[in-house]
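Have a look at the structure below, then the notes.
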Amino acid sequence: MKATVHVTLKNGVLDPQGKAIGHTLSSLGFDGVDDVRQGKFIELNLAETDPAKAREQIDAMCRKLLANTVIENYSIEIAD
Amino acid sequence: MKACVIVFPASNCDRDMQVALERSMGAKVDMVWHREHDLSGYDLVAVPGGFSYGDYLRCGAMAARSPIMDAVKAHADNGGLVLGVCNGFQVLCEAGLLPGVLMRNANLKFICKDVELMVERADTAFTNGYEVCDVIRVPVAHHDGNFFADEETLNRIEGEGQVAFRYVDNPNGSLNSIAGILNEKGNVLGMMPHPERLVDEQLGGTDGKPMFDALIKAVA
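If you read the sequences in order, they're chains A and B. FYI, in my numbering the residues of the first sequence are 291 to 370. FYI, in my numbering the residues of the second sequence are 199 to 418.
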């Protein structure tokens, strides 16, 4: 079973890399980009076939390793 | 006094730490590989600087889940001393031994230079060789030293007096110019600057040496 995890910085946490990307976009002539936030995309291939159990496992992975919940949020998507 | 330095893949300040401790102790300091499980018998465990696991995922994230870290936590829970410098500070935060997190420097640059630190606490095993308000000069060398914690945590850290060192001139965007913090019990210290690099006049100064001398006295 395939699953994806998005890890993003929480609102209010300064994202200097996102800011730098925004500056570079505007220097390339892409006007009208108000804000850029960057994050991580993680793809998992799981042996588990039950979506509910898979979600439970991935949630534990996120809390234990994939995200640092001091500064990051995460969302989980499970492919049908 | 028995001390050891934990070694992760891509630790690179481990031997500097060993030398600094051995100079002050006059005794051998063990190197402990991260796959070990036992730290019994040690008074002080040092988590050194470097780029453990290539900083993959987040700085210190992988190292914080290494087998040895359960032993480091148990050592700290039993009141044992733990010193984390640079990557070691990042590892201790990721492992939950210290509050907060070290983020990418606000100016996005790798900063490698001497900085001035204000001593905030001189009543700990790590810092009682200094006086409060002493200004010491210590090198930093990091890309991710920007200390962050949510408002509630930051208020608690400040309220409990857990800030050990502050930058005189904040180089990396750290909240409240925090350069080093203690846990609540005061037996775990994490700091971005490298005191182990300044223990010999021939290396540019000895402002780091009082920390190692103090640690030796603390458990003598």
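Just so you know, even glycine gets a beta-carbon here, dropped at the ideal spot from N, CA and C. Note that the coordinates shown come from a computational prediction; the quantities given were computed from them, not determined experimentally.
Amino acids of chain B, ordered along the chain, whose beta-carbon sits closer than 8 Å to that of residue i
i       : result
N301(A) : Residues of chain B passing the Cβ test: none, with the nearest at roughly 11 Å.
Given residue i as reference, the closest of the options once Cα atoms are compared
i       : options                               : result
N381(B) : Q400(B), Y328(B) and K271(B)          : K271(B)
P408(B) : G402(B), L401(B) and L396(B)          : L396(B)
N363(A) : M291(A), D321(A) and F331(A)          : F331(A)
D398(B) : D411(B), V317(B), T351(B) and M316(B) : D411(B)
V295(A) : E346(A), C352(A), L304(A) and V326(A) : C352(A)
D212(B) : N368(B), V243(B) and I334(B)          : V243(B)
T351(B) : M301(B), P297(B), S375(B) and N370(B) : P297(B)
M260(B) : K300(A), N358(A) and L336(A)          : N358(A)
P369(B) : A347(B), P393(B) and A304(B)          : A304(B)
A323(B) : C202(B), D241(B), Q216(B) and V217(B) : D241(B)
R327(A) : K354(A), A310(A) and Q347(A)          : A310(A)
Proximal chain A residues relative to residue i, where beta-carbon distance stays under 8 Å
i       : result
A293(B) : Correct list: empty, because the minimum Cβ distance to chain A is about 11 Å.
F346(B) : V303, L304, V360 and I361
I306(B) : According to the sequence displayed, residue 306(B) carries Leu and not Ile. What L306(B) touches in chain A: P306, Q307 and A310.
A259(B) : L355 and N358
G286(B) : Within 8 Å Cβ-Cβ: nothing; G286(B) doesn't reach chain A, min ~17 Å.
R233(B) : Per Cβ cutoff of 8 Å: no residues; R233(B) is ~18 Å from chain A at best.
R181(B) : With chain B running from 199 to 418 in the structure shown, residue 181(B) is simply not present.
R302(B) : P306 and Q307
Residue j beta carbon less than 8 Å from that of residue i
i       : j       : result
H235(B) : F206(B) : no
D405(B) : V336(B) : yes
A362(B) : L387(B) : yes
A369(A) : A293(A) : yes
L315(A) : V323(A) : yes
G290(B) : V245(B) : Looking at the sequence provided, one finds Leu at residue 290(B) rather than Gly. Yes. Within cutoff.
E318(B) : R256(B) : no
I204(B) : V230(B) : yes
G343(B) : S375(B) : no
V280(B) : N210(B) : no
L237(B) : A262(B) : no
F287(B) : M389(B) : yes
V297(A) : G319(A) : no
M199(B) : M223(B) : yes
A371(A) : L336(A) : With chain A covering 291 to 370 only, the question about residue 371(A) has no answer from this structure.
Burial state of residue i (16 or more Cβ within 10 Å)
i       : result
Q400(B) : exposed
G252(B) : exposed
T339(A) : exposed
C284(B) : buried
A225(B) : exposed
G278(B) : buried
L295(B) : buried
D305(A) : buried
E349(B) : exposed
E367(A) : exposed
N353(B) : exposed
D321(A) : exposed
D325(A) : exposed
E394(B) : buried
P391(B) : buried
A418(B) : exposed
Contact test: residue i Cβ vs the ligand GDP heavy atom, cutoff 7 Å
i       : result
H341(B) : The ligand GDP is not part of the structure shown, which contains no ligands of any sort.
Interface residues of chain A facing residue i [CB-CB closer than 7 Å]
i       : result
V299(B) : N358, V360 and I361
R256(B) : N358
Cross-chain neighbours of residue i in chain A, by beta carbon under 9 Å
i       : result
R354(B) : In chain order: nothing, as chain A lies at least about 13 Å away.
K263(B) : Note that residue 263(B) is Arg in the sequence shown here, rather than Lys. Within 9 Å Cβ-Cβ: K354 and L355.
Let me know the beta strand (DSSP E) ranges lying completely inside the stretch 200 to 285 of chain B, each 3 residues or longer, listed in chain order.
201 to 205, 228 to 231, 242 to 245 and 279 to 283
My parser needs the alpha helix (DSSP H) runs of 4 or more residues fully inside the stretch 307 to 348 of chain B; what are they?
none
Write down every uninterrupted run of the beta strand (DSSP E) in the stretch 297 to 338 of chain A whose length is 3 residues or greater and which is fully enclosed by it, in chain order.
330 to 335
If you scan the stretch 361 to 403 of chain B from start to end, which runs of the beta strand (DSSP E) of 3 or more residues do you find wholly inside it?
361 to 365, 376 to 380 and 386 to 389
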